[in-house]
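Q:
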Amino acid sequence: MIYDLVRYQLVDENTSSMKRENVLLVSLGCSWGKCAFCDYQDDKSSSVLACDTVNKKVLAQVKGREVGSNILEVTCSASYTELPFTTLNYIRETCKEKGIDTVILEGHYIYRDANPFFTDFFGQCGIKTIFRCGVETFDEHIREDILHKGLPGVTPEQIARHFSWINIMFGMEGQTMQQLEKDIATGLKYFDRVNLSLYTTVKNGPVRDSLAIEAFYNSDCYRELKENPAIDIYDEWDEENAHKVGHDN
Ligand code: SF4
0 MIYDLVRYQL VDENTSSMKR ENVLLVSLGC SWGKCAFCDY QDDKSSSVLA CDTVNKKVLA
60 QVKGREVGSN ILEVTCSASY TELPFTTLNY IRETCKEKGI DTVILEGHYI YRDANPFFTD
120 FFGQCGIKTI FRCGVETFDE HIREDILHKG LPGVTPEQIA RHFSWINIMF GMEGQTMQQL
180 EKDIATGLKY FDRVNLSLYT TVKNGPVRDS LAIEAFYNSD CYRELKENPA IDIYDEWDEE
240 NAHKVGHDN
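Residue 0 is where the sequence shown starts when you use numbering that gives the first Met the number 0, and the numbers rise one by one after that.
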């Protein structure tokens with residue numbers, strides 16, 4: 000079912016060192032579909048027409064040079080490989096029309112072999128592609144036994160051969176600040192950019208550890224990450240967004 004969601008955002012200097020526009024598009028559905036922390040995979044349709052209808056309206060909000068942005072970040076309820084091909088054409092047309100020269104595509108490691116096709120597809124119009132992968136944590140036990148992320152035995156080096164941005168998640172029951180610091184250090188060692196999401200409880204998933212998140216916001220680690228231009232922090236749970244991090248608004 001297609002949800003009523005915030006689907007366009009301008010990410011500006013208030014929350015990130017990299018100004019860009021972000022669109023949340025509707026996909027045909029996630030083929031993996033097992034991650035314990037994920038409820039957004041239900042935002043999908045098996046109808047290409049239904050996906051395209053929403054996605055065209057969302058892409059029509061992209062402003063590009065009008066707002067001084069030349070970067071478009073594309074997220075969806077699955078991986079970039081699971082967007083209709085017609086939607087990919089609309090993305091490319093939007094980039095051409097709005098003066099966007101870089102597109103960021105987010106997806107699962109299982110699709111890594113498809114990356115060169117996307118690089119070619121956008122490259123034909125002079126648009127650079129950056130690939131962003133969700134690992135959530137480099138702690139193999141938490142990632143595979145609890146989160147069911149589907150990257151068994153995969154090393155940061157292997158991911159970095161195909162993806163240059165990485166997503167890390169913190170704030171689930173059982174995660175510690177020490178582990179977060181290790182994840183961030185690994186992320187910064189192997190990848191150009193780290194997106195850190197503070198976990199939001201989902202039905203039947205792990206519980207958000209509010210005390211751990213409060214401790215994070217009060218830590219030197221948080222203050223250092225906020226100053227690091229290679230890191231973006233997102234927290235959808237705090238409705239007031241008191242910390243002025245990435246947030247739906
Ligand atoms: S691969 Fe992504 S969309 Fe699919 S279940 Fe995992 S987090 Fe959700």
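Ideal placement from N, C-alpha and C gives every residue a C-beta, glycine not left out.
A quick note: this is a predicted structure, and the numbers were derived from the prediction, not measured.
1) Where are the beta strand (DSSP E) runs, 3 residues long or more, that stay fully inside the region 112 to 192, in chain order?
2) With a 10 Å radius around its C-beta and 16 neighbouring C-beta atoms as the bar for buried, classify Leu-4 as buried or exposed.
3) Taking 7 Å as the line, does the beta carbon of Trp-164 fall inside it for any heavy atom of ligand 1?
4) Have a look at the DSSP bridge pairing and note the partners of Thr-200.
5) Taking only the alpha-carbon atoms, compute the straight-line gap between Gly-186 and Leu-23 and give it to the nearest angstrom.
6) Are there any heavy atoms of ligand 1 lying less than 7 Å away from the beta-carbon of Ser-68, as far as the coordinates show?
7) Measure the CB-CB distance between Arg-91 and Phe-121 and report whether it falls below 8 Å.
8) For a test of the three-state rule: what should DSSP assign to Tyr-89, helix, strand or coil?
9) Does ligand 1 have a heavy atom nearer than 7 Å to the CB of Lys-43?
10) Suppose contacts are defined by Cβ-Cβ distances below 8 Å. Is Gly-149 in contact with Ile-109 by that definition?
11) For a cutoff of 8 Å on Cβ pairs, would you count Gly-63 as touching chain B?
12) Leaving out five residues on either side along the sequence, give the residues of the same chain with a beta carbon under 8 Å from the beta carbon of Val-57.
13) Would the C-beta of Ala-113 count as close to ligand 1, meaning under 7 Å from any of its heavy atoms?
14) What are the boundary residues of the alpha helix (DSSP H) that Arg-222 is part of?
15) Please name the residue in Val-53, Val-73 and Cys-124 whose C-alpha comes closest to that of Glu-105.
16) For Ile-70, which three-state DSSP category applies?
17) May I ask whether a heavy atom of ligand 1 can be found less than 7 Å away from the beta carbon of Lys-161?
18) By Cβ distance below 7 Å, which residues in the same chain neighbour Tyr-79 in space, the five residues on each side in sequence not counted?
19) When the Cα atoms are used, what is the spatial distance from Lys-97 to Ser-16?
20) So Phe-130 packs on Phe-162, CB below 8 Å; how close in whole Å?
21) Determine, using beta carbons only, whether Ala-59 and Gly-28 come nearer to each other than 8 Å.
22) Could you name the residues that DSSP lists as bridge partners for Asn-194?
23) Counting along the chain, where does the beta strand (DSSP E) carrying Val-22 start and finish?
24) Grab the span of the alpha helix (DSSP H) containing Leu-58 for me, first residue to last.
25) Determine the extent of the beta strand (DSSP E) in which Leu-9 is found, giving its start and end residues.
A: From the atom records:
1) 127 to 135 and 164 to 169
2) As a first step, residue 4 is located in the sequence shown; it is residue number 5 there, counting from the start. Exposed, by the Cβ-count rule.
3) Locating residue 164 in the sequence shown gives position 165, counting from the first residue. Not so, every heavy atom of ligand 1 lies at least 7 Å from the Cβ.
4) Translated into positions along the sequence shown, residue 200 becomes position 201. The partner list for Thr-200 (beta bridge, DSSP) is empty, contrary to what the question assumes.
5) The residue given as residue 186 occupies position 187 in the sequence shown. The residue given as residue 23 occupies position 24 in the sequence shown. Those two C-alpha atoms are separated by around 24 Å.
6) The residue you call residue 68 lines up with position 69 of the sequence shown. Answer for Ser-68: no, Cβ out of range of ligand 1.
7) Here residue 91 refers to the residue found at position 92 of the sequence shown. Here residue 121 refers to the residue found at position 122 of the sequence shown. Contact flag set, yes.
8) Within the sequence shown, residue 89 is the residue found at index 90, counting from 1. If DSSP states are grouped into helix, strand and coil, Tyr-89 belongs with the helices.
9) For the purposes of this step, residue 43 is taken as residue 44 along the sequence shown, with counting starting at 1. False, no ligand heavy atom lies under 7 Å from that Cβ.
10) Residue numbering aside, residue 149 sits at position 150 when the sequence shown is read from its first letter. Residue numbering aside, residue 109 sits at position 110 when the sequence shown is read from its first letter. Contact flag set, yes.
11) Considering every chain present, this structure includes no chain B. It has just one protein chain.
12) The residue labelled residue 57 in the question sits at position 58 within the sequence shown. Only Arg-6, Tyr-7, Val-22, Leu-23 and Leu-24 meet the Cβ criterion.
13) By one-based count along the sequence shown, residue 113 stands at place 114. No; taking the cut-off as 7 Å, the Cβ of Ala-113 has no heavy atom of ligand 1 nearer than that.
14) Counted from its first residue, the sequence shown places residue 222 at position 223. 219 to 226 is the extent of the alpha helix (DSSP H) around Arg-222.
15) Working through the sequence shown from its first residue, we reach residue 105 at position 106. Checked all of Val-53, Val-73 and Cys-124; the closest Cα to Glu-105 is Val-73.
16) Stepping through the sequence shown from its first residue, residue 70 is reached at position 71. Correct three-state label for Ile-70: strand.
17) Position 162 of the sequence shown, counting from 1, holds the residue named residue 161. A small correction: the amino acid at residue 161 is His; Lys does not occupy that position in the sequence shown. Every heavy atom of ligand 1 is 7 Å or more from the Cβ of His-161, so no.
18) The count along the sequence shown starts at 1 and reaches residue 79 at position 80. So the qualifying residues of the chain are Val-73, Leu-104, Glu-105, Gly-106 and Phe-117.
19) Mapped onto the sequence shown, residue 97 falls at position 98. Mapped onto the sequence shown, residue 16 falls at position 17. Distance between the alpha carbons of Lys-97 and Ser-16: 21 Å.
20) One-based indexing of the sequence shown puts residue 130 at position 131. One-based indexing of the sequence shown puts residue 162 at position 163. That pair is a contact at about 4 Å.
21) As a first step, residue 59 must be located in the sequence shown, where it is residue number 60. As a first step, residue 28 must be located in the sequence shown, where it is residue number 29. Not in contact: Ala-59 and Gly-28 (Cβ atoms no closer than 8 Å).
22) In the sequence shown, the residue the question calls residue 194 occupies position 195. Asn-194 is bridged to Asn-166 and Asp-231.
23) To locate residue 22, count along the sequence shown from 1; it is residue 23. Element bounds for Val-22: 19 to 24.
24) What you label residue 58 is simply residue 59 of the sequence shown in a count that begins at 1. 47 to 58 is the span of the alpha helix (DSSP H), which, as asked, contains Leu-58.
25) Here the question's residue 9 lines up with position 10 in the sequence shown. Looking at the DSSP string, the run of the beta strand (DSSP E) that includes Leu-9 is 7 to 10.
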